[in-house]
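Protein chains: 2
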Amino acid sequence: MSIKVRATSFDIAHKAGVSQSTVSRALRDSPLVNPETREKIKQIALELNYKVDKNASNLRQQQSRTLALLLFEDPTSDDSLINPFFLSMLGSITRASALAGYDLLVSFQNLSDDWHADFEDTNKADGLILLGYGDFVEYRDKLKKLEEQGTHFVRWGAHDVAHPGLAIGSDNFQGGFDITHHLLILGRRQFAFVGGADNRSPEFMNRYLGFKDALNRVGIQDFRQLDAISTEASGYEASNALLAENSKLDAIVCASDLIALGVIQALHDKGIRVPEDIAVVGYDNIPVSGFSSPKLTTVQQNTKAAGQILVDKLIKLISGKSVEPMLMPVELVVRESCGADMN
Amino acid sequence: MSIKVRATSFDIAHKAGVSQSTVSRALRDSPLVNPETREKIKQIALELNYKVDKNASNLRQQQSRTLALLLFEDPTSDDSLINPFFLSMLGSITRASALAGYDLLVSFQNLSDDWHADFEDTNKADGLILLGYGDFVEYRDKLKKLEEQGTHFVRWGAHDVAHPGLAIGSDNFQGGFDITHHLLILGRRQFAFVGGADNRSPEFMNRYLGFKDALNRVGIQDFRQLDAISTEASGYEASNALLAENSKLDAIVCASDLIALGVIQALHDKGIRVPEDIAVVGYDNIPVSGFSSPKLTTVQQNTKAAGQILVDKLIKLISGKSVEPMLMPVELVVRESCGADMN
DNA sequence: CTGAAAGCGCTTACAG
DNA sequence: CTGAAAGCGCTTACAG
Chain A
1 MSIKVRATSF
11 DIAHKAGVSQ
21 STVSRALRDS
31 PLVNPETREK
41 IKQIALELNY
51 KVDKNASNLR
61 QQQSRTLALL
71 LFEDPTSDDS
81 LINPFFLSML
91 GSITRASALA
101 GYDLLVSFQN
111 LSDDWHADFE
121 DTNKADGLIL
131 LGYGDFVEYR
141 DKLKKLEEQG
151 THFVRWGAHD
161 VAHPGLAIGS
171 DNFQGGFDIT
181 HHLLILGRRQ
191 FAFVGGADNR
201 SPEFMNRYLG
211 FKDALNRVGI
221 QDFRQLDAIS
231 TEASGYEASN
241 ALLAENSKLD
251 AIVCASDLIA
261 LGVIQALHDK
271 GIRVPEDIAV
281 VGYDNIPVSG
291 FSSPKLTTVQ
301 QNTKAAGQIL
311 VDKLIKLISG
321 KSVEPMLMPV
331 ELVVRESCGA
341 DMN
Chain B
1001 MSIKVRATSF
1011 DIAHKAGVSQ
1021 STVSRALRDS
1031 PLVNPETREK
1041 IKQIALELNY
1051 KVDKNASNLR
1061 QQQSRTLALL
1071 LFEDPTSDDS
1081 LINPFFLSML
1091 GSITRASALA
1101 GYDLLVSFQN
1111 LSDDWHADFE
1121 DTNKADGLIL
1131 LGYGDFVEYR
1141 DKLKKLEEQG
1151 THFVRWGAHD
1161 VAHPGLAIGS
1171 DNFQGGFDIT
1181 HHLLILGRRQ
1191 FAFVGGADNR
1201 SPEFMNRYLG
1211 FKDALNRVGI
1221 QDFRQLDAIS
1231 TEASGYEASN
1241 ALLAENSKLD
1251 AIVCASDLIA
1261 LGVIQALHDK
1271 GIRVPEDIAV
1281 VGYDNIPVSG
1291 FSSPKLTTVQ
1301 QNTKAAGQIL
1311 VDKLIKLISG
1321 KSVEPMLMPV
1331 ELVVRESCGA
1341 DMN
C-alpha cells in the first residue's frame, strides 16, 4: 500500500507560484481571482489529487455541512431488525441530503444514551433528524433539552404545540379513519383495534382515534382495544388474548403491518380464516405486506416525500429560516386481508 | 429558540483557574493531571454543557474517528427501494461502528460519481466500507484508484488476489452448491439457473458455479442458464423467456430472492404450480421470503456477523495492522418453494 | 503535575 | 486581483 501524502493548499500555492489565500479563493470559485490563475490552480489541484481538508474548513467556518440521522429503536425489538418503515425513509433521507450537499451521519440510539448532546454539540453535524422514539414520554424530556440548547432538529411524528421542536408526520387520524371506513363499507361491524392507544405512542393513538371516529359516525360505540407494540410477536399475543375473551369479531384494525402479520398468524393457528371470518388490516405498507397471505390491506405513508421534506425543513432551520410543521396525506392500499374481493 | 453559545476549553480554564492545556488533558483523562483538578474541571465542563469540538480535535489529530459506508445501487433498481440485503447489513454495520467508537457516514453512490475521492481524502472519514457495485468491471477500476491513493477500505464481496483491496464475503459457491444439492436430493433433475453468470457480478457467478458443480457431480451436464439482474421484474422476464423455450424443467435456481419472487409470479401467471410442477429457490433470505406464497427456500448469509467483521477489519486496517480476507459460511433455509414437504 | 507555545489546514477581513 | 496575517478550537511536545 502506498504511503499517503496529502497535498495542502500550500503545496499548490508553491507549485502555482501564488499565495495560499489565492489558492483557497480559486478553489472556492471566488470571483475575486483571475480566471486564468483559477484554471491553473485547479489544474494543479487535480494533478496533486488535492482535496480540501474538511476538518480545517469546517473548523474555520464553524459548520459541518453534515446532518445526523438518529434512529430510535423500539427497545423491545430484535436488534438485528430495523423497523422496515424507517428503513424505507432512510433511503430518501440519504438521497435528499446528498442532493442538498450535506453528508449524513447515521446512528442508532437507545434512550439510555446521552444522545441529545452528541452530534450538533460537537460540531459534527449542523442539525439532527429524529426517527422513532420508543417511549414518547421519556423522549419528550430529551426533546426539551435539545430545544433548550438551541439544537436544530426535526422529527418524524405528530406535530403538537405542546411538544418541543418541529415535527413532520403523516395524517394518522385520517389513515385510521379511512381504513376503518373501508371495512365498514365492506359490511364489517364488530371491531377491535390492536395497538397501544396511549400517549406513549402518539402515532398509534391518532390511528386509534381515527378508527374510533369512523365507528362512532355510524353509531358503533362498542368495540375492543388491546395494547401492542409494533412487532409480530406482540400482535400474535394480543390476538390470542382477544380470542380468549370470546367476544364476537369480524374485523381487526392493527396499528402497524407488523402487528397485523402477528394477528393473522395467530388467527391461522386457531383455524380462523382471514378475511372470511375476520378481516385484518395493517398500517405502513412495508414490503412484506404485499407478499403475506392474505396480502395486507394497509395504509401507505409517503416515505419518499417524507424524507425529502424532513431534510429540506432541517436545512431551512439551520439557515435560520422559519419553518412550518406539516401533516402529510396518506393513501389506502386495498389488497386481500380486508375481504374487498369477497363481495 | 435560545441563541447557541458554545463553551470552549478556554472558558472552562478560566472558570477553573487553570490553563487551557490542563483542561484538555483532564477531559482526555490524562494521568498527568491531578485527580482533584480533573474532577473540578469535569464538573465545570458538565455545568457549561461543554463538548469537545470535533473539527478542531480531528484537525489537530489528523483523524476523524468516522467510517464511511458507501452503498452502490444497482443502476436499474427503483430509486425508492434499497436492496433489502444491504439494508440488513446496514444495521449491524451501524451498531458495530458505534461500539468501536466510530461515527458512520452513509452515502449512496452512483458509478458516475467521483466517489472514490470524497471521504477519506477530505479527512471526513478514516476509512470506507463498500457495499454493492453495480457493474463489477467498472467498479474494479475505481477500486484500483482507491488503492493507489492509499485509502483504507474493505468491501463486501468475493476476495480475489486479482482485485484490489480486501474483501469479506460469504461463500457463494457453497451456497449455490448446497441449494442445488438439496433439490437433487428431492429428486429434481431438469434445472435452470436464473441470474447473470459473468464477471460483471462475481457473486452471481460463484453461485452459478456452485450450481453447476452440484449438477456435474451427479452426471447432469444439461441445464439452462438465463441472465437476470436482482429485481422481480428481471426474474419475471427471464422466467417467461425460459418457458417460451419449451424446455422441460422441474427446478429453477435463482441467483437472488428478488429474482425468485419474479420467477414464481411468472409461473403462477401461466398456471404452473410451485413447487409441484417446478421448484423455485432463491438466495439472500430477505424478510419477504418468509411471507411469499409459497415461502421461499433460500440461502442465508450471516449479515449480522458480516457487518461486525467488516467494521472490525477496517478499523484494524486503519490502525496499520495486517488484515486477512474472509469467506463466511452460508446456511440453507428450507421452506416451501423447493417442495421439501411434498415427500 | 502545570503552563506557554506551536501548529493542524483551512477561510476571510484587511491592506494594497 | 493578490498577499500577509489572524484565528477557528483543539492536542501535545517542550520546559519547568
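Line order of the protein sequences matches chains A and B. Note that this note's numbering has the first sequence beginning at 1, numbered continuously upward. Note that this note's numbering has the second sequence beginning at 1001, numbered continuously upward. The C-beta atom is built at its ideal place from N, Cα and C for all residues, glycine as well.
Can you tell me which residues form a DSSP beta bridge with residue i?
i: B/R1155; result: B/L1130 and B/A1167
i: B/L1069; result: B/V1106 and B/I1129
i: A/C254; result: A/V194
i: A/L331; result: What sits at residue 331 of chain A in the sequence shown is Glu, not Leu. According to DSSP, A/E331 bridges with A/Q300.
i: A/V280; result: A/I252
i: B/M1326; result: B/I1168
Taking residue i as the reference, which of the options has the closest Cα?
i: B/V1137; options: B/A1013, B/H1163 and B/I1044; result: B/H1163
i: A/G169; options: A/K316, A/L143, A/L131 and A/K144; result: A/L131
i: B/N1246; options: B/S1234, B/R1224 and B/T1180; result: B/R1224
i: B/G950; options: B/G1235, B/G1150, B/K1295 and B/I1044; result: With chain B represented from 1001 up to 1343, any question about residue 950 of chain B goes unanswered, as that position is not in the structure.
i: A/I93; options: A/A68, A/F108, A/Q109 and A/A251; result: A/A68
i: A/D118; options: A/R6, A/Q149, A/L48 and A/R140; result: A/Q149
i: B/L1027; options: B/R1006, B/H1014, B/A1007 and B/K1051; result: B/K1051
i: A/F10; options: A/S30, A/D29 and A/I41; result: A/I41
i: A/S64; options: A/I12, A/T122, A/N285 and A/R155; result: A/T122
i: A/H152; options: A/I129, A/Y133, A/R140 and A/P202; result: A/I129
i: A/A233; options: A/D213, A/K212 and A/S256; result: A/S256
i: A/A244; options: A/L46, A/I229, A/K270 and A/S230; result: A/K270
i: B/L1059; options: B/A1125, B/F1085, B/L1070 and B/F1108; result: B/A1125
i: B/I1179; options: B/E1331, B/I1220 and B/Q1109; result: B/E1331
i: B/G1359; options: B/P1035, B/N1216 and B/E1047; result: Nothing in the structure corresponds to residue 1359 of chain B, since chain B is present only between 1001 and 1343.
i: B/E1047; options: B/D1213, B/A1007 and B/E1120; result: B/A1007
i: A/H160; options: A/N206, A/N55 and A/E120; result: One detail in the question is off: residue 160 of chain A reads as Asp in this sequence, not His. It is A/N206 whose Cα lies nearest to the Cα of A/D160.
i: A/P287; options: A/L267, A/A266 and A/L258; result: A/L258
i: A/L70; options: B/R1095, B/F1085, B/K1015 and B/N1055; result: B/R1095
Can you give me the Cβ contacts of residue i inside the same chain, cut-off strictly under 7 Å, excluding the 5 residues immediately before and after it?
i: A/S88; result: T303
i: B/C1338; result: H1182, L1183, L1186, P1275, A1279, V1281 and T1297
i: B/K1144; result: P1164
i: B/C1254; result: V1194, G1195, G1235, A1260, V1263, V1280, V1281, G1282 and Y1283
i: A/M326; result: I168 and I309
i: B/V1033; result: T1022, R1025 and A1026
i: B/Q1020; result: S1009, F1010 and A1013
i: B/V1323; result: L1166, K1313, K1316 and L1317
i: A/F346; result: Residue 346 of chain A lies beyond the range of chain A shown here (1 to 343); nothing can be said about it.
i: A/S201; result: F136
Within a Cβ cutoff of 8 Å, which residues of the same chain sit near residue i, ignoring the five residues on either side of it in sequence?
i: B/M1328; result: I1168, G1169, S1170, D1171, Q1301, N1302, A1305, A1306 and I1309
i: B/V1334; result: H1182, T1297 and A1340
i: A/A192; result: F223, R224, Q225, L226, L242, S247, L249, A251, I252 and V253
i: B/A1100; result: V1311, D1312 and I1315
i: B/R1140; result: H1163 and P1164
i: B/G1290; result: L1296 and R1335
i: A/P294; result: I264, V274, P275, R335, E336 and S337
Leaving out five residues on either side along the sequence, give the residues of the same chain with a beta carbon under 6 Å from the beta carbon of residue i.
i: B/D1103; result: T1066
i: B/R1188; result: D1250, A1251 and A1279
i: B/S1097; result: L1067, L1104 and V1311
i: B/R1273; result: none
i: B/L1209; result: F1173
i: A/F72; result: Q109, G132, Y133 and G134
i: B/D1213; result: F1177
In chain order, what are the residue ranges of uninterrupted alpha helix (DSSP H) at least 4 long that sit wholly in the stretch 167-233 of chain A?
172-185 and 202-217
The stretch 1214-1241 of chain B: positions lying closer than 9 Å to chain A by Cβ:
none
Give, in chain order, every residue of the stretch 120-132 of chain A whose Cβ lies closer than 8 Å to some Cβ of chain B.
D121, T122, N123 and K124
What are the residues of the stretch 89-108 of chain A that lie near chain B, defined by any Cβ-Cβ distance shorter than 9 Å?
Of all residues in the stretch 89-108 of chain A, L90, G91, S92, T94, R95, S97, A98, D103, L104, L105, V106, S107 and F108 have a Cβ within less than 9 Å of some Cβ in chain B.
Anything in the stretch 1260-1291 of chain B with a Cβ closer than 9 Å to a Cβ of chain A? List those residues in chain order, please.
Considering only beta carbons, the part of the stretch 1260-1291 of chain B lying closer than 9 Å to chain A consists of L1261, I1286, P1287, V1288, S1289, G1290 and F1291, in chain order.
Members of the stretch 165-187 of chain A that neighbour chain B once the beta carbon cut-off is set at 9 Å:
none
Output needed in chain order: residues of the stretch 1034-1064 of chain B with a Cβ under 8 Å from some Cβ in chain A.
Per Cβ criterion, the list reads N1049, K1051, V1052, D1053, K1054, N1055, A1056, N1058, L1059 and S1064.
Residues of the stretch 139-154 of chain A in Cβ contact with chain B at a cutoff of 9 Å, in chain order, please.
Residues of the stretch 139-154 of chain A whose Cβ lies closer than 9 Å to any Cβ of chain B, in chain order: E147, E148, Q149, G150, T151 and H152.
Check distances from the C-beta atoms of the stretch 291-322 of chain A to those of chain B and list, in chain order, the residues that come in under 7 Å.
The residues in question are F291, S292, S293 and K304.
Taking a cut of 8 Å between CB atoms, which residues from the stretch 1010-1029 of chain B lie near chain A?
none
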